[in-house]
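One structure is given below, encoded as structure tokens.
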Amino acid sequence: MAKDRPPPATGGPWILEFASLLVVVNQSVIVFVFFRFTGCINWPRRNLLSAEKYTRFHGFSSSSTSSALHPFLPLFPSPRFLLTLLPAHHLRTRRSPENPPPINRPNSFQWNSIIRDAIDSGRFDSALCLFSSMLAAGVRPDRFTLPLIARAVSALPGSFGLGKAIHSVGIQTGAFSNVYFCNSLLDLYVRCEEISDARNLFDEMPCRDAVSWTTMISGYVQHGEISQSSAAFRRMRMAGAEPSSVTFAVLGKNADGGRQLHCLAIKVGFSSHELVQNSILTAYSKMGLLREAEKLFDSMEKKTVVSWNILISAYSSSEDFLGVLQCFQSMMSELPPSSETLTLIISALSKFGALREGQQIHCHAVKSGQVDMILQTSFMNFYAKFSDLSSSFLLFQSEGMSRNSSITPWIAMMSIYIQNEHFMDAINLFKAFQRLGFDPNADALRCLITLYARLGSLLLGKAVHCRLIRNGFFARSHMETMIKTSILNMYAKCGCIRLARSCFDEMVKRDTVAWSSMIEGYGIHGRGFQALDLFHQMQEEGIEPNSITFLSLLSSCSHSGLVSEAHQIFNLMSEKYEIKPELCHYTCMVDLLARAGELNEAMNVIQNMVVKADGRIWGSLLASCRVHENVEIGNYAARRLFELEDDNAGYYVVLSNMNAGDERWKASERMWSSMTERKLERRAGWSYIEEKGGGLSMFVAGNCLHCKREEIYESLRYLSRNMEEFEGI
17 MAKDRPPPAT
27 GGPWILEFAS
37 LLVVVNQSVI
47 VFVFFRFTGC
57 INWPRRNLLS
67 AEKYTRFHGF
77 SSSSTSSALH
87 PFLPLFPSPR
97 FLLTLLPAHH
107 LRTRRSPENP
117 PPINRPNSFQ
127 WNSIIRDAID
137 SGRFDSALCL
147 FSSMLAAGVR
157 PDRFTLPLIA
167 RAVSALPGSF
177 GLGKAIHSVG
187 IQTGAFSNVY
197 FCNSLLDLYV
207 RCEEISDARN
217 LFDEMPCRDA
227 VSWTTMISGY
237 VQHGEISQSS
247 AAFRRMRMAG
257 AEPSSVTFAV
267 LGKNADGGRQ
277 LHCLAIKVGF
287 SSHELVQNSI
297 LTAYSKMGLL
307 REAEKLFDSM
317 EKKTVVSWNI
327 LISAYSSSED
337 FLGVLQCFQS
347 MMSELPPSSE
357 TLTLIISALS
367 KFGALREGQQ
377 IHCHAVKSGQ
387 VDMILQTSFM
397 NFYAKFSDLS
407 SSFLLFQSEG
417 MSRNSSITPW
427 IAMMSIYIQN
437 EHFMDAINLF
447 KAFQRLGFDP
457 NADALRCLIT
467 LYARLGSLLL
477 GKAVHCRLIR
487 NGFFARSHME
497 TMIKTSILNM
507 YAKCGCIRLA
517 RSCFDEMVKR
527 DTVAWSSMIE
537 GYGIHGRGFQ
547 ALDLFHQMQE
557 EGIEPNSITF
567 LSLLSSCSHS
577 GLVSEAHQIF
587 NLMSEKYEIK
597 PELCHYTCMV
607 DLLARAGELN
617 EAMNVIQNMV
627 VKADGRIWGS
637 LLASCRVHEN
647 VEIGNYAARR
657 LFELEDDNAG
667 YYVVLSNMNA
677 GDERWKASER
687 MWSSMTERKL
697 ERRAGWSYIE
707 EKGGGLSMFV
717 AGNCLHCKRE
727 EIYESLRYLS
737 RNMEEFEGI
């Protein structure tokens, strides 16, 4: 047996997770024994664990297992190890083709052929079960087997740990020298967003082909490391590897360098390739180069549905409503739109507030039979944008309320209720969801976390946090950052900034969203300087801020009254990072200046904006004018405000009180008369109260019928007395 053992790996110390494979005969179960070790992969013989001891340790039958262990017996070290099982959905057994083939004593070549057939037909679970049966039959994998298994593993979701195991076995068996095997592992690491592991593997590969380079470039693009993707492409050409059409398609996802990519495609002869043309079209779209995108589109000999979809998306991103409609009409005259096209159109119409046109698209989709689950969900969101929640719920009922339906419509409907502040409806929907026997996935639980964050319900939010831990979602590396960011937001909005920071510090990988969320959390708690310190730390770690990051920073400055710091951040955004200020950034600046009493400067910001001011900006200015008793600017803001929103009773009340404070009684009376004529009523203030035990109760200001009104008002009086002790609150 010793001479059959592959030669030990060399090249310095390794810190790996290695997996030896144990098969339980007559069952399609693969057990992976993970352990960590330091040193070369050449263990002393005394550390090997015998098949009999290993079998007795795990309670399996020795006679049924020793033969299965035989091929991999030299790979069992005895130090620390952790027994884990493949997820249950990887281990489904069927009569065919997972069972051993009806061939007497099949060899590795025959097993490889059957495993390859399963992979080629997309049955990756079956391929793993076949591999299990192969080992159970005592057939030792050859140099072609592990590359196949690596390909199967790379196609399975959440399989990073399993991929590391296969990686380690590949090093031991010599499969690491196979470029196909390495490319499969590289693809797995990129899919799992483990870009550092992918980079290490890429650097250690003995040989690289165009697929290797393309996969690595794809990983950089997906991870937002645009400069790294461009550098990798340059190194690829210097290494003599010829880029393929897929390479250009991957580079097209990079929003930078569309013109250079187009020129290079012409130079190497790929300019007429459909995949490359669509890729360059996507790059132009992301860069906002609409004219270049139109020229390229017009020059294309064959315009597919994908090409039309990219151009429609480009018009939508450029906020060209007429262009979207004209492009869609032109497409209809040449070829029928797909459900993806209709999804793009309905999303654009929602953004432009085109209710009537959206209803027409809905009728067309129903008549043509193109309404699938994704499009139905888009229509639900479309009607919700116009506050027509009854139509959204009717669509949800037709799609989602059955045991056999997908979980997606449920999550979409819950999100709609949360966005429109129908919180109790969202909670009741989740309860109905559970009654039907659905097992909430990570997206459903994230939606629930968002709900409890909006309600400020700390106990219920903690309960969901515990459920996420119990269900093992944090163990899945591709979900960890996303889920912990949601939990971070929840704790920050529920008043627990310490727990929010703990979540942030525990993250293995922090993306821009995580940094922005933590900055926003500090801002909510009035810790503006800590928010700025965190931003400087973000810059030092090389994380590129985006428009949301700067919005969080400006909001933090606004909550803390940091006027000069806000000016610096606002200028930094456009000068260094070339991020064009949006309406939300201007709103923060106006709110900050107005709160600080610098009303004239706030007016200058509004007048010099490159976008049109909306009701939020004028409303913020009006509220500050009342606080600082500036009736002149307040009346001007009110006139602009009523041109945009003349049905908001709150603005009439603010203006009336401001005029009354300046003893302009007639002007104050006119506001109340206008409210009466328009039949406007000010909505009473309300809040959800978290009771002991985690229950939620709604309390409306002035409500004399609430069963706990005395306790509520006593708590309010206690808070008011304590707040008066702090100046400025």
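Residue numbers for the sequence shown follow this note's numbering, so the first one is 17 and each next one is one higher.
Backbone N, C-alpha and C define an ideal beta-carbon position, used for all residues, glycine too.
Residue i versus residue j: straight-line alpha-carbon distance, rounded
i: S355; j: S346; result: 17 Å
i: T231; j: R251; result: 14 Å
i: P456; j: A610; result: 45 Å
i: A612; j: L358; result: 47 Å
i: S532; j: G542; result: 15 Å
i: K500; j: K302; result: 29 Å
i: I296; j: F489; result: 37 Å
i: F218; j: Q244; result: 14 Å
i: H583; j: Q623; result: 17 Å
i: H438; j: S403; result: 11 Å
i: K383; j: I377; result: 10 Å
i: R737; j: G544; result: 26 Å
i: T320; j: C573; result: 48 Å
i: V669; j: R514; result: 39 Å
Residues sharing a beta bridge with residue i, DSSP
i: E556; result: DSSP output for E556 lists no bridge partner at all.
i: L712; result: E706
Same chain only: Cβ atoms within 7 Å of residue i, ignoring 5 sequence neighbours per side
i: R108; result: Bear in mind that the predicted position of R108 carries a pLDDT of just 40, short of 50, making it too unreliable to give a figure here.
i: R733; result: none
i: F197; result: L162, P163, A166, G186, A191
i: K525; result: T497
i: I326; result: N294, L297, T298, S301
i: S640; result: A610, R611, L615
i: V626; result: none
Cβ neighbour criterion (16 or more within 10 Å) applied to residue i
i: P757; result: Since the first residue shown for the chain is 17 and the last is 745, residue 757 is missing from the structure and cannot be characterised.
i: A448; result: exposed
i: E210; result: buried
i: M150; result: buried
i: I485; result: exposed
i: W702; result: exposed
i: C720; result: exposed
i: S552; result: With the sequence shown as reference, residue 552 is identified as His, and Ser is not the correct amino acid for it. When all chains shown are included, H552 counts as exposed.
i: N128; result: buried
i: Q546; result: buried
i: L360; result: buried
i: R451; result: exposed
i: C379; result: exposed
i: L735; result: exposed
i: E308; result: buried
i: L338; result: exposed
i: Y729; result: exposed
Unbroken alpha helix (DSSP H) run spanning residue i, endpoints
i: Y704; result: Careful: Y704 lies outside any alpha helix (DSSP H), inside the beta strand (DSSP E) at 702-706.
i: I423; result: It is not in any alpha helix (DSSP H) - I423 carries neither H nor E in the DSSP assignment.
i: D213; result: 211-220
i: Y602; result: 599-611
i: Y729; result: 725-739
i: A331; result: The question names Ala, but residue 331 is Tyr in the sequence shown. Counting along the chain, the alpha helix (DSSP H) containing Y331 begins and ends at 321-333.
i: P163; result: 161-170
i: M523; result: No alpha helix (DSSP H) holds M523; DSSP gives it neither H nor E.
i: G316; result: Looking at the sequence provided, one finds Met at residue 316 rather than Gly. Taken as a continuous stretch (DSSP letters only), M316 belongs to no alpha helix (DSSP H), as it is neither H nor E.
Sequence-distant residues of the same chain with beta carbon closer than 8 Å to residue i, five excluded per side
i: M389; result: E415, S422, T424, P425
i: M440; result: L712, M714
i: G472; result: K509, C510, G511, Y704, E706
i: Q392; result: L411, S414, E415, P425
i: Y205; result: F176, G179, I211, D213, A214, L217, G235
i: T565; result: T528, W531, S532, I535, F551, M554
i: L312; result: H278, Q293, I296, L297, Y300
i: E560; result: G240, T528, Y593
Cutoff 6 Å; reference residue i; Cβ partners in own chain excluding five residues on either side
i: E373; result: L365
i: W634; result: A653, R656, L657
i: K432; result: Checking the displayed sequence, the identity of residue 432 turns out to be Ile instead of Lys. Cβ neighbours of I432 beyond the five flanking positions: A400, S408.
i: I595; result: S563, M589
i: H289; result: S261
i: V387; result: A381
Check: residue i C-beta below 7 Å from any heavy atom of the ligand SAM
i: E598; result: Absence of the ligand SAM is noted for the structure shown, with no ligands found whatsoever.
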